[in-house]
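Chains as they are written, first to last, in this note's numbering: chain U, 7 to 321; chain Y, 51 to 147.
As structure tokens, the structure follows; a few thoughts come after it.
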Amino acid sequence: MTSPTEPALAGIPIADVILGIGVLASVLCTIAPRSRFAQSMGLLGLGVLTTLVWLRLDSVDVALAEASIGGGILAAILVWISTKAPSNPSPDAAAPTRWTWVRPAVGTLCAVTLTVILSSVWLRAEQALPAWDASLSRNMEATGVEHEITGVLLVFRFYDTLLESAVLMLTGVAVLALGRGDAGARAGVDVSFAARPPIPSTLQWFIRVIAPVLFLAGLWLLFAGSSDSGGAFQSGAVLCAVLILLRSAHIPMVTLTRRWLVPLLVAGVLAFILSALTHLSAPFPFPVLLGVEVLLTLGIAAGLYAIYLSLENPA
Amino acid sequence: MSGIIELAGLALVIGGALFFTAGTLGLIRFPDLRSRLHALTKADNLGLGMLLAGISLLLGSWTAAAVLGLTWILALGAASISAHVLSGIEARQQGEP
């Protein structure tokens, strides 16, 4: 580190230092243990701590996305994998291990280097923030939304958001195409009903109670996104969590998964592109913006749910 | 008055963190599944309740208190139902009725 950054480092609150140490420790927990279960748990802990880091950086939006996608959906997928997948160790794990300290040491070194680089980038980027702020508030009327982050994501960084949604859509399409069974994950829905273990009726009751609450929270995240923290990605992740819960309570959703999953998956991205093509020079009117956001949310939820479903019929 | 409320909120937050620590310790150190579930559902839920009560005192807003209270109720339900399901699975695996 050069000398100008040293005063800034000295002023870091003790809580941030503890948080940083915690992140490094959970990275160690993720890469050091041999057991797949311990690694999943380490990664989940890392997700929680990363959410806290984003909160400390005042990025509530990213923190929400990290908590819902990184913590929630990834948790469901990882738990599924670590309980269902065959537990044979990988071929190289059977070989006698020499130099067991190498992997943790290299991982720690990489993490420290990345942390130093990222923090120095962050410290330097902060000085340019006011200029960005001024030009943003000058141009905010053109976007049609009140919240700055939504404006940036949906208008100024249109291609980024489009490609993020498109990547998720393509992943969902690939997952549906490669899934085993007659038509991918969609056809496996009612087939695997009988194979799954019976669940107690209290779980079913509780999920029936809690699903509307979660659904409401997801919708609130979507509509809060126009003026506060929230948005399509966070809301889509929560809606996908509702679907996963309903599915694990064996509540039949055959019509939804067979007929609506693929149209929903594609509709968001298509509506996004179409609305952009029809409003090349004019700002988005609010109804169009709302429609695009709702369709994007449904598409994100459908894509995440398709990925989850594919785990039950792996290729 | 606000000083007392702040002190009470801080005390609740610290107490909640202590209960969370105790619950985590139990999760790590207890020998079998049911004792671990016991530690998780009892100690952690009390810790969560104290933490949320302290936070709503510190925030000083009735809306936040209502939302946090709803959060606690839902977390209580989720914890007890999942503990019930897990211990049921364990009982079935060990061949108990």
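Even for Gly, the Cβ is constructed at its ideal location relative to N, Cα and C.
TODO: Leaving out five residues on either side along the sequence, give the residues of the same chain with a beta carbon under 7 Å from the beta carbon of R86(Y).
DONE: G76, L77 and F80
Open item on the list: Is there a Cβ of chain U sitting closer than 9 Å to that of I105(Y), yes or no?
Closed with: no
Task: Endpoints, the alpha helix (DSSP H) within which T121(Y) is located - done: W112 to Q143
Task: Contacts around V68(U), its chain only, beta-carbon distance under 8 Å, and the 5 residues preceding and following it disregarded - done: W60
TODO: Taking the CB atoms as reference points, tell me whether S32(U) and Q240(U) lie closer together than 9 Å.
DONE: no
Task: Three-state secondary structure (DSSP) of R84(Y) - done: Looking at R84(Y) - three-state DSSP - the assignment turns out to be helix.
Open item on the list: Does chain Y have any CB closer than 9 Å to the CB of L209(U)?
Closed with: yes
TODO: Compute the Euclidean distance between the alpha carbons of T12(Y) and L301(U), then round it to the nearest angstrom.
DONE: Limits of chain Y in this structure are 51 at one end and 147 at the other, which puts residue 12(Y) out of reach.
- [ ] Could you tell me the distance, in whole angstroms, from the CA atom of V294(U) to the CA atom of A277(U)?
- [x] Going from the Cα of V294(U) to the Cα of A277(U) covers about 9 Å.
Task: Local conformation of R62(U) per DSSP, three classes - done: helix
- [ ] With a cut-off of 8 Å on the beta carbons, I'd call F69(Y) and G97(Y) a contact; round off their distance for me.
- [x] 3 Å
- [ ] Could you tell me the boundaries of the alpha helix (DSSP H) in which G53(Y) lies?
- [x] S52 to R79
Task: Neighbour flag for F212(U) against chain Y, beta carbons, 9 Å - done: yes
- [ ] Report the rounded CA-to-CA distance for P258(U) versus A114(Y), giving the unit in angstroms.
- [x] 36 Å
Task: Any chain U beta carbon closer than 9 Å to A128(Y) - done: yes
Open item on the list: So for Y311(U), helix, strand or coil by DSSP?
Closed with: Helix.
Open item on the list: Nearest by alpha-carbon distance to A215(U): which of I131(Y), L57(Y) and N95(Y) is it?
Closed with: The sequence as given places Val at residue 215(U); Ala does not occur at that position. Ranking I131(Y), L57(Y) and N95(Y) by Cα distance to V215(U) puts I131(Y) first.
TODO: Just the chain Y side, please: which residues come within less than 7 Å of V219(U) by C-beta, in chain order?
DONE: L124
TODO: For L249(U), collect the residues of the same chain with a Cβ closer than 6 Å to its Cβ; drop the 5 residues on either side in sequence, then sort them by chain order.
DONE: Y311
Open item on the list: Please report the straight-line C-alpha distance between L49(U) and C35(U), rounded to a whole angstrom.
Closed with: 8 Å
- [ ] Have a look at I279(U), G297(U), L80(U) and G51(U) and flag the residue whose alpha-carbon is nearest the alpha-carbon of L169(U).
- [x] Out of I279(U), G297(U), L80(U) and G51(U), I279(U) has the C-alpha closest to the C-alpha of L169(U).
- [ ] Spatial neighbours of A125(Y) within its chain, please: CB distance less than 8 Å, with the 5 preceding and 5 following residues excluded, ordered by chain position.
- [x] Excluding sequence neighbours, A125(Y) sits near N95 and L98.
TODO: Can you give me, in chain order, the residues of the region 291 to 302 of chain U that have a beta carbon less than 9 Å from any beta carbon in chain Y?
DONE: none
Task: Option in G242(U), P39(U), L58(U) and A217(U) with minimal Cα separation from A227(U) - done: Reading off the sequence, residue 227(U) comes out as Leu, not Ala. With distances taken between Cα atoms, L227(U) lies closest to G242(U).
Task: For L62(Y), the nearest candidate out of L83(Y), D82(Y) and L101(Y) (CA to CA) - done: L101(Y)
Open item on the list: Which residue wins for smallest C-alpha separation from D64(U), given the options C246(U), V181(U) and W128(U)?
Closed with: W128(U)
- [ ] Please decide whether G138(Y) counts as near chain U, where near means a Cβ-Cβ distance under 9 Å.
- [x] yes
Open item on the list: Going by DSSP, what residue range makes up the alpha helix (DSSP H) through W105(U)?
Closed with: Where W105(U) is concerned, there is no enclosing alpha helix (DSSP H), given that its DSSP letter is neither H nor E.
TODO: Can you have a look at R265(U) and say buried or exposed, based on whether 16 or more other CB atoms are within 10 angstroms of its CB?
DONE: exposed
Task: Nonlocal neighbours in the same chain, by C-beta distance under 8 Å from L30(U), ignoring five residues either side - done: T114, A117, V118 and T121
Open item on the list: Considering Cα atoms alone, identify which of L182(U), S41(U), F212(U) and A230(U) is closest to V66(U).
Closed with: Checked all of L182(U), S41(U), F212(U) and A230(U); the closest Cα to V66(U) is A230(U).
Task: Distance between G53(U) and A183(U) (C-alpha atoms, nearest Å) - done: 30 Å
Open item on the list: To the nearest angstrom, how far is the alpha carbon of S137(Y) from that of G65(Y)?
Closed with: 28 Å
Open item on the list: Starting from A273(U), trace the alpha helix (DSSP H) in both directions and tell me its first and last residue.
Closed with: L267 to T284
Open item on the list: Just to check my reading of the structure: L245(U) and G274(U) have Cβ atoms closer than 8 Å, yes? What is that Cβ distance to the nearest angstrom?
Closed with: At roughly 12 Å, the Cβ-Cβ gap does not stay under 8 Å, so L245(U) and G274(U) are not in contact.
Task: Coarse secondary structure for R230(U), derived from DSSP in three states - done: Before going on, a small fix: residue 230(U) reads as Ala here, not Arg. Looking at A230(U) - three-state DSSP - the assignment turns out to be helix.
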